[in-house]
DNA sequence: CCTACCGATCGGTAGG
DNA sequence: CCTACCGATCGGTAGG
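Residue numbers (the working numbering), protein chains in the order written: chain A, 12 to 242; chain B, 12 to 242.
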């Protein structure tokens, strides 16, 4: 397979990234060897190293291309200046579609970005933050009160959670496909958004800090959880 | 640390699992060495191996204890026979609390269960399915029509996605803590549930299969995604 | 584009 | 004879 005509340099790189993403998604980045990647591409390991400097650069390109695509989607939808609810629904539809088309890359993004060295990882995470910020703006469009309370980002993250988790359990061959689930997710999220009651400013029953005003400022750090850093 | 009095065998095991879960969550199962686990426990590697046969058995116990706890929670809440909405809300509250108390173990569960050998992995996945089934029943309690269409499990998985994803971005020291976010998640999900419109029976505009009746049967396979198996 | 290797480190176990 | 542990090192394989 993939052995027909000699592909151009760039085509070869795309093919390698695609196969590598599949392997990383299946076995995890750390447990996948460069030998396996080479074999999956029908290349020798030395040839593989001709196209990519090292294993990390495969990981960086897979994750970076992916977040760049998502960011572009968010920007496109925002540029259309739809009505608030329509905007959010369109965002859900487009994001779900993007996931459907790049399941492997998405899994790699959510699970293996931590194995990038700090500078590269930071670039990917920065793009992620921009995506979340875009979704948060759409949320604030539907519920300005929650947006003012800085709940836009946490709510955006909850939406992200639903979508990110989908590729864990959805089977493309299942009866419920991505086109069918997207409206369900949109109904659930947009409908639910109207039902969200703002949490009370943090009461301090036993010596807790007073709320400093907004409800969730500084509470966001996508993919940099309290579990600590790596490496 | 943890060197004071000689702990009992069982206490030592619990301590090891706790430290191992933290390391696995931070660095990933594969990238964590038994030397690191031993060091984090203040033990020699040989002593670590006295308590656990091998690295996999650490992973098994971390993940299995965790799903067992979640299953127990689902069973407890179900046994109280609350009104449908109250039941779902209580489920959300209890699950979020469980996550808050075992962040590391939860991350290991969601990301590293695939590194278990098939028999152990299957035990964990089976318990996961029981948890999802329990949540699906609660969903069907609120929206019997969706339950009949076999949308209960997909919706349960969307809820799972929100909660699973939370520990990726929430900071325990943030202003919005677990107690504050749980009601937001409950509002969002329960409120959203009322807004979900059943997807139409799969139309077949260009030669697609006809829907065989219910909307999503056989579409669930938690953690066994279409990306393939490992190993 | 390949074979042949390297420094290092892996999970697991030896003798005492 | 047991358990609870130690310092040292095994055979294999990783990324490069």
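Every residue, glycine too, gets a C-beta built ideally from N, C-alpha and C.
Values in this document were obtained by computation on a predicted structure and should not be read as measured data.
Hey, is residue 29 of chain B's beta-carbon within less than 9 Å of any beta-carbon in chain A?
no
Taking 9 Å as the threshold (beta carbon to beta carbon), is residue 165 of chain B in contact with chain A?
yes
Taking Cβ positions only, does residue 42 of chain A come closer than 9 Å to chain B?
yes
Taking the beta carbon of residue 77 of chain B as the centre, do at least 16 other beta carbons fall within 10 Å, making it buried, or is it exposed?
buried
Name, please, each residue of chain A whose Cβ falls closer than 7 Å to the Cβ of residue 71 of chain B.
The contacting residues do not exist; residue 71 of chain B stays about 17 Å from chain A at best.
What residue range is occupied by the uninterrupted alpha helix (DSSP H) comprising residue 68 of chain A?
66 to 90
Let me make sure I understand the geometry here. Which of A:72, A:29, A:157, A:23 has the alpha-carbon closest to that of residue 9 of chain A?
This structure leaves residue 9 of chain A out entirely; chain A is present only between 12 and 242.
CA-to-CA distance, residue 197 of chain B to residue 99 of chain B, given in whole angstroms
8 Å
Quick one: what's got a C-beta closer than 7 Å to residue 62 of chain A's C-beta in the same chain, skipping five residues either side?
23, 24, 27
Can you tell me whether residue 208 of chain B is helix, strand or coil according to DSSP?
coil
Other residues of its chain near residue 118 of chain B: CB distance less than 7 Å, five sequence neighbours each side excluded
36, 178
Under 7 Å Cβ-Cβ, which residues of chain A neighbour residue 205 of chain B?
202
Through-space distance from residue 125 of chain B to residue 232 of chain A, alpha-carbon basis:
Residue confidence for residue 232 of chain A is low, a pLDDT of 42 falling below 50, so the modelled location carries little weight and cannot support an answer.
Of the residues that make up the region 166 to 180 of chain B, which ones have a beta carbon closer than 9 Å to any beta carbon in chain A?
166, 168, 169, 170, 171, 172, 173, 174, 175, 176, 177, 178, 179, 180
So, helix, strand or coil for residue 40 of chain A, using DSSP?
coil
DSSP state of residue 188 of chain A mapped onto helix, strand, coil
coil
Output, in chain order, the set of chain B residues within a Cβ distance shorter than 9 Å of residue 100 of chain A.
Those within 9 Å of residue 100 of chain A in chain B number zero; the least Cβ separation is about 12 Å.
Does any residue of chain B bring its CB to less than 9 Å from the CB of residue 194 of chain A?
yes
Where does the unbroken alpha helix (DSSP H) through residue 124 of chain B begin, and where does it stop?
No alpha helix (DSSP H) holds residue 124 of chain B; DSSP gives it neither H nor E.
Classify residue 203 of chain A as buried or exposed, calling it buried when 16 or more other Cβ atoms lie within 10 Å of its own Cβ.
buried
Three-state secondary structure (DSSP) of residue 152 of chain B
helix
Going by DSSP in three states, residue 105 of chain B sits in which element: helix, strand or coil?
helix
Min CB distance residue 162 of chain B to chain A below 9 Å
yes
Going by the CB atoms, is the gap between residue 121 of chain B and residue 79 of chain B shorter than 9 Å?
no
Should residue 51 of chain A and residue 33 of chain A be called a contact, given that it needs their Cβ atoms to be closer than 9 Å?
yes
Is it right to say residue 65 of chain A is buried, meaning 16 or more other beta carbons lie within 10 angstroms of its own, or is it exposed?
exposed
To the nearest angstrom, how far is it from the Cα of residue 58 of chain B to the Cα of residue 45 of chain B?
11 Å
Return the CA-CA distance between residue 209 of chain A and residue 165 of chain A, expressed in angstroms with no decimal places.
12 Å
Coarse secondary structure for residue 118 of chain A, derived from DSSP in three states
helix
Is the beta carbon of residue 147 of chain B closer than 9 Å to that of residue 163 of chain B?
yes
Strictly below 8 Å CB to CB, what residues from chain B border residue 198 of chain A?
203, 206, 207, 208
How far does the alpha helix (DSSP H) with residue 57 of chain B in it reach, from first residue to last?
56 to 62
Ignore the nearest five residues each way along the sequence and tell me which others in residue 141 of chain B's own chain have a CB closer than 8 Å to its CB.
82, 85
Measuring only the C-alpha atoms, how far is residue 136 of chain A from residue 107 of chain A?
20 Å
Under 9 Å, do residue 193 of chain A and residue 104 of chain A count as touching if we go by C-beta distance?
yes
Would you say residue 116 of chain A and residue 73 of chain A are within 9 Å of each other, going by their C-beta atoms?
yes
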